[in-house]
Amino acid sequence: MSLSFHWFLPTYGDSRGLIAGGHGTAMSGDRPASLRYLNQIAGAAEENGFEAVLTPTGAWCEDAWLTTAMLVETTETLKFLVAFRPGLVSPTLAAQMAGTFQRHSRGRLLLNVVTGGEPHEQRAYGDFLDKEQRYERCGEFLHIVRELWRSHEPFTFEGKHLYVRDALLNNHPDPVPPLFFGGSSAPAGPVAAQYADTYLTWGEPLFAVSKKLEWIRRLAVDNGRQLSYGLRIHVITRDTSEAAWAEADRLLEGIDPADVQRVQANLARSESEGQRRMVELHGGSTDRLEIAPNLWAGVGLVRGGAGTALVGSHEEVAERLIEYSRLGITHFILSGYPHVEEAYWFGEGVLPILERRGLWRSAVRRSTRPAATPFATASTS
187 MSLSFHWFLP TYGDSRGLIA GGHGTAMSGD RPASLRYLNQ IAGAAEENGF
237 EAVLTPTGAW CEDAWLTTAM LVETTETLKF LVAFRPGLVS PTLAAQMAGT
287 FQRHSRGRLL LNVVTGGEPH EQRAYGDFLD KEQRYERCGE FLHIVRELWR
337 SHEPFTFEGK HLYVRDALLN NHPDPVPPLF FGGSSAPAGP VAAQYADTYL
387 TWGEPLFAVS KKLEWIRRLA VDNGRQLSYG LRIHVITRDT SEAAWAEADR
437 LLEGIDPADV QRVQANLARS ESEGQRRMVE LHGGSTDRLE IAPNLWAGVG
487 LVRGGAGTAL VGSHEEVAER LIEYSRLGIT HFILSGYPHV EEAYWFGEGV
537 LPILERRGLW RSAVRRSTRP AATPFATAST S
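Dropping the structure here:
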């Protein structure tokens with residue numbers, strides 16, 4: 187088994203502390219998301235052998251398509267996992283944009299399908315469909331896009347929500363970008379099973395992740411398909427377990443209780459099943475945040491979306507990742523605070539362990555590694 191590791195582009199800003207907000211709530215960091223700084227993160231990801239970087243989508247961050255397009259020329263091998271919301275643009279236009287991106291990036295586009303955000307945010311974009319209708323529209327959208335990517339004849343489709351007539355692309359994307367798709371609610375499963383290449387889930391304890399993957403596998407088999415699976419999670423990895431947990435404690439101590447109350451009040455109104463599951467892991471309390479071995483729910487106190495982190499020594503984090511891989515996870519989308527420094531901690535600490543065990547390999551990684559992780563001093567401050 188060969189595992190793929192991806193990093194994250196915080197297009198709302200970055201910080202040495204946890205950033206409050208997200209998932210429909212405004213957020214910003216001490217380090218603004220300037221193009222110069224995002225280039226540093228992309229460079230750190232590429233230097234450490236990550237395959238791609240995920241960019242979020244929503245009113246609380248920069249546009250993912252434009253931002254990543256600007257980073258193509260400053261990177262060489264790094265791919266871009268661009269998040270987008272079906273229904274906010276025409277499916278024909280989205281198919282065309284993907285083709286253009288693939289050609290100009292020389293095949294470095296991956297797509298993360300986000301069916302919708304919170305209702306108030308969707309309405310701000312002019313989208314007034316309810317959650318179930320959004321999934322219906324998402325299925326129609328992906329059907330049209332996939333047909334356009336392979337059809338050499340004009341294509342007409344009339345669905346419940348979308349209608350295109352005589353649609354055709356002059357240039358098909360080559361290769362066709364893989365579709366990553368996440369969703370924990372009942373209507374998400376059939377759409378993922380029929381159209382996704384990789385199904386994504388947030389970091390929960392092993393038994394919960396296993397149960398969710400089995401749900402999608404059964405649906406995929408019913409559609410005559412086989413998917414790959416990915417995990418979106420944060421990481422805090424250090425030379426020793428004590429140093430890693432000290433860093434988690436530092437992040438926790440830096441949280442403003444008012445931010446916890448504000449963010450948790452907003453998340454309590456969320457319609458997202460995945461978000462509900464994240465909130466249940468900590469319940470808004472700072473007690474017992476290690477919910478499984480090396481799995482810490484502290485991030486979710488102030489951050490919507492992915493709210494857990496793997497915390498521990500490089501060996502411990504590597505072992506936890508291997509445990510997830512035994513469930514069938516082959517894609518890991520990671521992040522940490524700050525994103526430049528944490529890319530090196532993971533890249534120089536964990537990836538060599540996985541490489542020695544034959545679970546990961548990157549042709550672009552440096553042939554020689556420094557004896558010590560370069561941010562050791564900064565991490566203990």
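In terms of our numbering, the sequence shown is residues 187 to 567.
Each residue gets a CB set at the ideal place from its N, CA and C atoms; glycine is no exception.
Given residue i as reference, the closest of the options once Cα atoms are compared
i	options	result
Thr301	Glu322, Arg411, Asn356	Glu322
Pro359	Arg289, Arg320, Ala374, Ala382	Arg289
Arg294	Gln319, Gly325, Glu262, Leu279	Glu262
Gly273	Glu232, Leu240, Asp316, Thr254	Asp316
Asp473	Ala394, Arg455, Glu439	Glu439
Tyr198	Ser414, Gly215, Gly210	Gly215
Gln380	Glu390, Cys247, Phe366	Phe366
Ala449	Met187, His209, Leu195	For clarity, residue 449 is Val in the given sequence; the question names Ala instead. Among Met187, His209, Leu195, the Cα nearest to that of Val449 belongs to His209.
Glu248	Val268, Leu264, Val258	Val268
Val395	Asp352, Gln308, Arg506	Arg506
Helix, strand or coil at residue i according to DSSP, with G and I counted as helix
i	result
Trp531	helix
Tyr349	strand
Asn452	helix
Glu439	helix
Thr472	coil
Gly302	coil
Gly199	coil
Thr563	Low local confidence applies: a pLDDT of 39 at Thr563 is under 50, so the model's placement there is unreliable, with the coordinate-based value given in what follows. DSSP places Thr563 in helix when its eight states are reduced to three.
Val421	strand
Same chain, Cβ closer than 6 Å to residue i, neighbours up to 5 away in sequence not counted
i	result
Phe343	Ile330, Val350
Phe191	Phe236, Phe518
Ala529	Trp193, Ala230, Ala231, Asn234
Leu354	Pro340
Glu326	Gly345, His347, Leu348
Between the CA atoms of residue j and residue i - distance to the nearest angstrom
i	j	result
Leu386	Ala492	11 Å
Glu339	Gly285	17 Å
Leu128	Leu392	Residue 128 cannot be examined here, being either before or after the span of the chain that is shown, 187 to 567.
Arg320	Pro361	28 Å
Gln412	Trp335	20 Å
Gly469	Glu459	15 Å
Ala230	Ser201	16 Å
Ser427	Ala495	14 Å
Leu189	Arg462	28 Å
Ser521	Trp431	16 Å
Arg222	Leu195	12 Å
Ile515	Glu527	25 Å
Ile477	Ile402	24 Å
Gly498	Asn356	50 Å
Close-in-space but distant-in-sequence residues of the same chain around residue i (CB under 8 Å, 5 per side omitted)
i	result
Pro270	Note that residue 270 corresponds to Phe in the displayed sequence, not to Pro. Cβ within range, chain order: Thr243, Ala250, Trp251, Ala280, Leu297, Asn298, Val299, Val300.
Own chain residues within Cβ distance below 7 Å of residue i, not counting five before or after
i	result
Ile441	Leu204, Leu487, Val488
Ignoring anything shorter than 3 residues or poking outside the region 304-347, list the beta strand (DSSP E) runs there in chain order. Within the region 304-347, the runs of beta strand (DSSP E) that reach at least 3 residues and sit entirely inside it are, in chain order, 341-344.
Segments of 3+ residues assigned as beta strand (DSSP E) that fall wholly inside the region 474-505: Counting whole runs of 3 or more residues, the region 474-505 contains the beta strand (DSSP E) stretches 476-478, 495-499.
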